[in-house]
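Input: a single structure, listed below in structure tokens.
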Amino acid sequence: MKSQEGHPMIRTVASTQSEMTEIILPNDTNMLGNLLGGRLMHFIDLTGAMAAYRHARTHVVTAAMDHIDFIQPVRLGDLVTLKSSVNRAFTSSMEVGVKVWAENTRTGAVSHVASAYMVFVAVDEHGRLQKVPQLQPETPDEIRRHEDALLRRQHREREHARRKQAKIEAAALGNAGAIEP
Ligand SMILES: CC(C)(COP(=O)(O)OP(=O)(O)OC[C@H]1O[C@@H](n2cnc3c(N)ncnc32)[C@H](O)[C@@H]1OP(=O)(O)O)[C@@H](O)C(=O)NCCC(=O)NCCS
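Just so we're on the same page, the working numbering is the position in the sequence shown counted from 1, plus 7.
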């Protein structure tokens, strides 16, 4: 696995921070005038990728989007602001946190509407894994997120192993067609 030649081996969380604002139009909403969950996930994916690109400085692919909370609906005409940063870098993968706020354009009221954790993997133009720089957390919040990201990675690995085992057992019982995520 190669590292990015000419790039620093350690980056700060601040250097990965990214932000995007969108206005919610009729095409983004359901019949109730609320932002579609899938559209919000698309915005989250894009904003998360921005932080991952800033850390890796190479191509990145989304490996996982987990723990997404839709806390309250976003309405037609709201301004949605998404902020992201890398929580922790591993070997070729990075955990990115994305937080989303909605602003009512008439009242100016801002509310936290969603949060998500994602994993991006750095690859070259042929899809080969690339080593990413280390991440140096600096503030108390960054240190807390850095520690929590390791716990979440361990949880993901346990879940992956559990699902793999369930598939093997289902296949052994002749139940291979069963729907198992
Ligand atoms: C993500 C991907 C590159 C991983 O490739 P792989 O050959 O399975 O790689 P490995 O198993 O060696 O894992 C490589 C890294 O990815 C991480 N990873 C792989 N699958 C993961 C998952 N489902 N969740 C979280 N991390 C994952 C591993 O933990 C490892 O991290 P590390 O190098 O920091 O330790 C590959 O599965 C892929 O290309 N997936 C499709 C990506 C894509 O198209 N995304 C858009 C959504 S449609």
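Yeah, the Cβ is synthetic: ideal placement off N, Cα and C, and Gly gets one too.
Cβ contact annotation for Glu29 (same chain, cutoff 7 Å, sequence separation greater than five): Phe50, Val87, in chain order. Annotation: the continuous alpha helix (DSSP H) that includes Arg165 extends over 147-179.
Fully contained in the region 77-151 are the following beta strand (DSSP E) runs of length 3 or more, in chain order: 86-96, 100-110, 117-130, 141-143. Non-local beta-carbon contacts of Arg159 in its own chain, meaning distances under 7 Å to residues more than five positions away in sequence, involve Glu102, Tyr124 in chain order. Within the same chain, Gly55, Ala56, Ala59, Ala63, Val67, Val68, Thr69, Ala70, Ser100, Met101, Val103 come within 8 Å of Phe127 by CB-CB distance, once the 5 residues on both sides are set aside. CA-CA distance, Asn34 to Met16, rounds to 43 Å. Within the chosen limit of 6 Å, ligand 1 does not reach the beta carbon of Thr112 with any heavy atom. Your pair Pro140 and Arg46 does not check out as a contact, with CB atoms roughly 32 Å apart and the cut at 8 Å.
In this structure, Ala63 has its beta carbon at no less than 6 Å from each heavy atom of ligand 1. When only Cα atoms are considered, Asp52 and Arg151 end up about 23 Å apart.
If you measure from each CB to the nearest heavy atom of ligand 1, the residues under 6 Å come out as Val68, Thr69, Ala70, Ala71, Phe97, Thr98, Ser99, Ser100, Val126, Val128, Val130, Leu136, Arg163. For Met27, the enclosing beta strand (DSSP E) stretches over residues 25-30.
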